[in-house]
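One structure is given below, encoded as structure tokens.
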Amino acid sequence: MTERVYAGTLRREKVGRKVALAGWVQKRRDFGELIFVDLRDRSGICQVVVDRERGASEETVNTAKELRSEFVVRLEGEVVERTEGQKNPKLATGDVEIVATHVEILARADTPPFAVEDDTDAAEELRLKYRYLDLRRPSLTQNMMLRHKVAFAVRDYMNRNGFLEVETPILTKSTPEGARDYLVPSRVHHGTFYALPQSPQIFKQLCMVAGLERYFQIARCFRDEDLRRDRQPEFTQIDVEASFINEEFIYTLIEGLFTEVFPLAGIPVPVPFPRMSWHEAMERFGIDRPDMRFGMELKDVTAVARTIEFEPFRAAATVRAIVVPGGASLSRKRIDDLTEEAKKLGASGLIWVKFDAQHASSIKKFLTDASFDALRQTLRVNENDLALIIAGKELKVLDALGQLRLRVAREQGMIPENRFEFLWVTDFPLFEWDEETQRYFARHHPFTSPAAADIEKLESDPGATMARAYDVVLNGLELGGGSIRINQPEVQARMFRALGITDQEARQRFGFLMEAFRYGAPPHGGVALGLDRMVMLMARAESLRDVIAFPKTARAQDLMSDAPAAVDEKQLDELGIALKKGT
RNA sequence: GGGGCUGUAGUUCAGUUUGGUUAGAACGCCGGCCUGUCACGCCGGAGGUCGCGGGUUCGAGCCCCGUCGGCCCCGCCA
587 MTERVYAGTL RREKVGRKVA LAGWVQKRRD FGELIFVDLR DRSGICQVVV DRERGASEET
647 VNTAKELRSE FVVRLEGEVV ERTEGQKNPK LATGDVEIVA THVEILARAD TPPFAVEDDT
707 DAAEELRLKY RYLDLRRPSL TQNMMLRHKV AFAVRDYMNR NGFLEVETPI LTKSTPEGAR
767 DYLVPSRVHH GTFYALPQSP QIFKQLCMVA GLERYFQIAR CFRDEDLRRD RQPEFTQIDV
827 EASFINEEFI YTLIEGLFTE VFPLAGIPVP VPFPRMSWHE AMERFGIDRP DMRFGMELKD
887 VTAVARTIEF EPFRAAATVR AIVVPGGASL SRKRIDDLTE EAKKLGASGL IWVKFDAQHA
947 SSIKKFLTDA SFDALRQTLR VNENDLALII AGKELKVLDA LGQLRLRVAR EQGMIPENRF
1007 EFLWVTDFPL FEWDEETQRY FARHHPFTSP AAADIEKLES DPGATMARAY DVVLNGLELG
1067 GGSIRINQPE VQARMFRALG ITDQEARQRF GFLMEAFRYG APPHGGVALG LDRMVMLMAR
1127 AESLRDVIAF PKTARAQDLM SDAPAAVDEK QLDELGIALK KGT
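Here you go:
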């Protein structure tokens, strides 16, 4: 039997070879006794010629006539160079074609509900229902291949660096706090539930207590929260933990990993990555994961604003601005829309100043020539720039302006394509104050170590305590984050107290971890990277759905299998579960 | 939980403003012809639960109410 080769790999070097191809019919072009068939397999597409005048029997021609889109075929023939004028530069294999001697239909196919081709305009809803057809489209096939390459490279790299891949339980225990858990009822113990892991956090720390020293896992994680284009309810983390290490070890490890992974998609990775404290990120970009591909940084104009007879400026704790280059040409309507957006983002209002001949501004009657010039100098604007100014409480102002910066940049086309700006964000506060519940909660998680110098602040000034935590950011997207953990039981106890968790609650929720730490926990720390997001950026995809084989919709359903679905009464009985009326 | 957009042949859409004869187009599909196509071409043909349910009306794809699904954003995501 002739050896099968992949259709997309055929090039001029293969001319003269007898080969077999197997795959799906992309397209048939029928000229009677001459038939062209585009054959697709996962490697690509190659044109096949079935020609009565070039050795194809009548039977072979008749078989080729029967072919329709998505039929599965096996065929044999010879690789032949096309004559000049017959070559197709649009096809990677366009210099050659297969002159077929034999064609066999392995499986027939119904007409697909949409054409299997890259530039499909089929609705995503339809494509998700027939996901196996969607995945045949070369761009999705290639995304799956890229994802495999990334996962494979990660395993290889981690292995070379002495990390052991350890599987942790999927059926685990709910730890309230954090995201909503997916629950799995226990049949053996009615009324109790497993939770699917939000991350293997506690187990990987137990691996450190267990003395495995270096752990990693390509781990599925589950969070029952609403979806976004970059958020799926189940997703994959590259989960890493190591003992006897510090922050620098993690930075070097991950930078090294990225220098092997991102080039798989042609993306260069200059190391080391720049680093920025959380505080600086907030001040300059109004966000803890700044997109460094463009400027338009936030500027502090509080001092100048105080000189303006405009009450909101005088009353505000702080006044900040961004400068939109050439933004003076923005229409009044557009600026009004931005004002609306700013209000939705929590700003009390949006002040704008155009640095054009008219000095147009929403506060023109308060704006003297002197203050206009002072603003011009402080902001270092050019002619025809536009300043967008927000006054108010510091965090609200920074946050709203940071969001506005991103929207304006997107709409004004200020974000360069094909640039990849990596960044470490460091020195996070350990706690965040929650207005709603009037208490502190852990910004990262409750096992994050406070900075050595700040341990005493756990009791005296929790809000000022810095964490040994870090995030790795790419183009404004959080790729991952981690921390050096607490390994001293008494520090952990103080941490729980600062979080308002009683000893009893702590024992109930994390007792096994607390107990484990009494038996000698090495200093350790780690990081978790979003594999899906990494592949999404590498594939230049718009949505996580484009890099997950079988993703869920915005309402967390699988349109192909129809999950989630009702179950039999019998199944519920076995679990001791009765549904509430009306559901 | 809130906001925006959206659902009409297999597919992508038009038709909804101003309710009115038989709901159109392109691609795809089916049959025929065709030896250099790769958006093949030419001739002929079939194909509709206007998401679903109810209401208003002499009459609803179009108006009203409800409901289901898809996408994006806010909240949420330690």
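Numbering (our numbering), first residue to last: 587 to 1169.
Cβ coordinates follow ideal geometry from the N, Cα and C atoms, glycine included.
The secondary-structure analysis by DSSP pairs MET862 across a beta bridge with VAL1011.
The residue among ARG809, LEU769, THR761 and TYR780 with its C-alpha nearest the C-alpha of ILE788 is THR761.
Excluding the 5 residues flanking it on each side, VAL910 has same chain C-beta neighbours closer than 6 Å at LEU972 and VAL994, in chain order. As the crow flies, the alpha-carbon of SER947 is around 20 Å from that of ALA986.
Shown here, GLN1143 sits in coil according to DSSP, grouped into three states, outside any helix or strand. GLU820 sits in a strand when the DSSP states are folded into three classes. For the pair ILE831 and HIS1031, the CB atoms are not nearer than the 9 Å cut-off.
If you compare the alpha carbons of GLY932, ILE975 and LEU961 with that of ILE921, the shortest gap goes to ILE975. For the 9 Å CB-CB criterion, THR687 and GLU670 do not form a contact. Shown here, ALA1079 sits in a helix according to DSSP, grouped into three states. Comparing alpha carbon positions, the residue from LYS604, PHE779, ARG597 and ALA907 closest to THR588 is LYS604.
A residue is called buried once 16 or more other Cβ atoms fall within 10 Å of its Cβ, and VAL682 is buried on that count. Beta-bridge partners of ARG626 (DSSP): TRP610 and ILE631.
If you compare the alpha carbons of ARG628, GLU644, LEU596 and GLY978 with that of VAL634, the shortest gap goes to LEU596.
Judged by beta-carbon spacing, HIS776 lies beyond the 9 Å limit of GLY1067, meaning their Cβ atoms are not closer than that value.
The DSSP-derived three-state label of PHE1096 is helix.
Within the segment 837 to 915, the runs of alpha helix (DSSP H) at least 4 residues long that lie entirely inside it are, in chain order, 864 to 871, 888 to 892 and 897 to 901. Put simply, of TRP610, PRO1048 and VAL1059 the residue whose alpha carbon is nearest the alpha carbon of VAL1011 is VAL1059. VAL1153 carries a coil assignment under DSSP once its states are collapsed to helix, strand and coil. The beta-carbon distance between PRO1036 and ALA1053, rounded to whole angstroms, is 6 Å. This is short enough to meet the 8 Å contact definition.
SER1069: member of the beta strand (DSSP E) spanning 1063 to 1070, first to last residue.
Distance from the CA of ALA1092 to the CA of ARG1104, rounded to the nearest whole angstrom, comes to 15 Å.
The alpha-carbon separation between SER957 and ARG1080 amounts to approximately 51 Å. For the beta strand (DSSP E) assignment, the segment 690 to 721 encloses no uninterrupted run of at least 3 residues.
ARG918 is not bridged by DSSP to any residue. Only exposed fits SER915, as fewer than 16 other CB atoms lie within 10 angstroms of its CB. The C-beta separation of ALA977 from PRO898 comes to about 5 Å, placing the pair in contact by the 8 Å criterion. With fewer than 16 other Cβ atoms inside 10 Å of its own Cβ, TRP1019 counts as exposed. Nearest to VAL611 by alpha-carbon distance, out of LEU714, LYS1043, ARG723 and ALA709, is ARG723.
When the beta-carbon positions are compared, ALA781 and THR758 come within less than 9 Å of each other. For the pair of segments examined, the segment 616 to 623 was found not to touch the segment 723 to 741: the number of CB pairs separated by less than 8 Å stays below three.
If you check the CB distance, PHE1006 and VAL847 do not come in under 9 Å.
GLY935 has its alpha-carbon roughly 14 Å from the corresponding atom of ARG900.
LYS651 sits in a helix when the DSSP states are folded into three classes.
With a beta-carbon spacing of about 6 Å, ILE631 and LEU677 fall inside the 8 Å limit used to define contacts. Taking 9 Å as the cut-off, the Cβ atoms of ALA1107 and ASN1073 count as close.
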